[in-house]
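Taking it in order: structure first as structure tokens, then the write-up.
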Amino acid sequence: MSGSYHLLVTVTESGKQTRTDRRREQILDGAIRVFAEKHYHEAGIADIATDLGIGHGTFYRYFANKKDIVNQAVAWALRQIDETVLQEDPSSSTTLAEHRAMIERVYLRLFVLQDQHPHLIRFLFRQASDPTTLTLAHDTFVGYADRFITIGVDKGFLRPDIDVEIASQALVAVVFDVMRRASATAVSVEMRQRWMSTHARMTLEGLRQPE
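Shown next as structure tokens:
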């Protein structure tokens, strides 16, 4: 196996944040927790303020209203996932083994993100108020998977007769479902390892170029 869940314990931040940026993200993270537990129409500004121990005035310095914060929270959550996945460059792989290792590293980073923000995925699936936003995010990840598979085909270690469009959608669908399940219930480290290795092996064994 190319990696272990235990080995990836931090995610580096890109760039420096101002105090205002950090405060805004703290409020967004708190809102994600609240909206993940309650329906959008049931949760209020007071719930978010209570969760964070801040006054209403502090909230309104950063966000206009509840709709504003939920929309910004969706965008922020999607950006965390996007930055996590896109750390990997598919063009750097030259062998099937390196492609498999890349899939496992993507899983590792997503699980670490899940640990850092336990409510993030559940919030996205339950509370995103604009389905178009999730569709665009899904299409972005499918585009990444398409590139991942196409590069393998071009370099000769993935089979050329594969339907790349459908294979890309299937790859992303499995990853999304694994993260949805992991957000709904506690998942052991052992189970995470099994998901990572089995999905990577199942995907690439089916796509590999016959010898």
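Each residue of the sequence shown is one higher than the one before, counting from 7 in the working numbering.
We put the CB at the ideal spot given by N, CA and C, even for glycine.
For clarity, every value in this text was computed on a predicted model and none was experimentally measured.
Residue i vs residue j beta-carbon contact at 8 Å
i: N39; j: D57; result: Correcting the residue identity first, residue 39 is Arg in this sequence and not Asn. It is a contact, given that the beta carbons lie within the stated cut-off.
i: F131; j: R67; result: no
i: F117; j: R198; result: yes
i: A173; j: L210; result: no
i: I51; j: S97; result: no
i: E31; j: W82; result: yes
i: W201; j: V184; result: yes
Cβ separation of residue i and residue j, assumed to be a contact under 8 Å, to the nearest whole Å
i: E110; j: A206; result: 5 Å
i: R128; j: A190; result: 7 Å
i: A55; j: H62; result: 6 Å
i: F154; j: V91; result: Incorrect: roughly 10 Å between the Cβ atoms, too far for contact.
i: I218; j: A37; result: Outside the modelled stretch of the chain, which goes from 7 to 217, sits residue 218, for which no answer is possible.
i: L34; j: A70; result: Contact flag wrong, Cβ pair sits at about 14 Å.
Proximity test, Cβ basis, 8 Å: residue i and chain D
i: A49; result: In the structure shown, chain D cannot be found, because there is only a single protein chain.
Residues that DSSP places opposite residue i in a beta bridge
i: L164; result: R214
Nearest candidate by alpha-carbon position, reference residue i, set the options
i: D169; options: D152, V181, E196, L140; result: D152
i: H123; options: T138, P96, A42, V112; result: A42
i: L142; options: G162, F65, L84, T100; result: L84
i: D145; options: T100, P166, Q175, S97; result: Q175
i: G162; options: S99, K72, S194; result: S99
i: P216; options: E196, L177, I51, P166; result: P166
i: A188; options: T156, L119, Y150, V159; result: L119
i: E94; options: L140, M202, Y113, T138; result: Y113
i: Y150; options: D121, M108, W201; result: M108
i: M208; options: L140, S194, R106; result: R106
i: L164; options: L102, D53, E196, V181; result: L102
i: S194; options: D121, G59, Q23, E89; result: D121
i: V180; options: V159, A192, D160, T204; result: T204
i: L126; options: F182, I60, V159, D53; result: F182
i: L140; options: E196, N77, V159; result: N77
Mind listing, in chain order, the continuous alpha helix (DSSP H) runs of no fewer than 4 residues lying wholly within the segment 59-114?
Runs of the alpha helix (DSSP H) lying entirely within the segment 59-114 and spanning at least 4 residues, in chain order: 62-68, 72-91.
Would you list, in sequence order, the uninterrupted alpha helix (DSSP H) runs of no fewer than 4 residues that lie entirely inside the segment 152-206?
Counting whole runs of 4 or more residues, the segment 152-206 contains the alpha helix (DSSP H) stretches 170-190.
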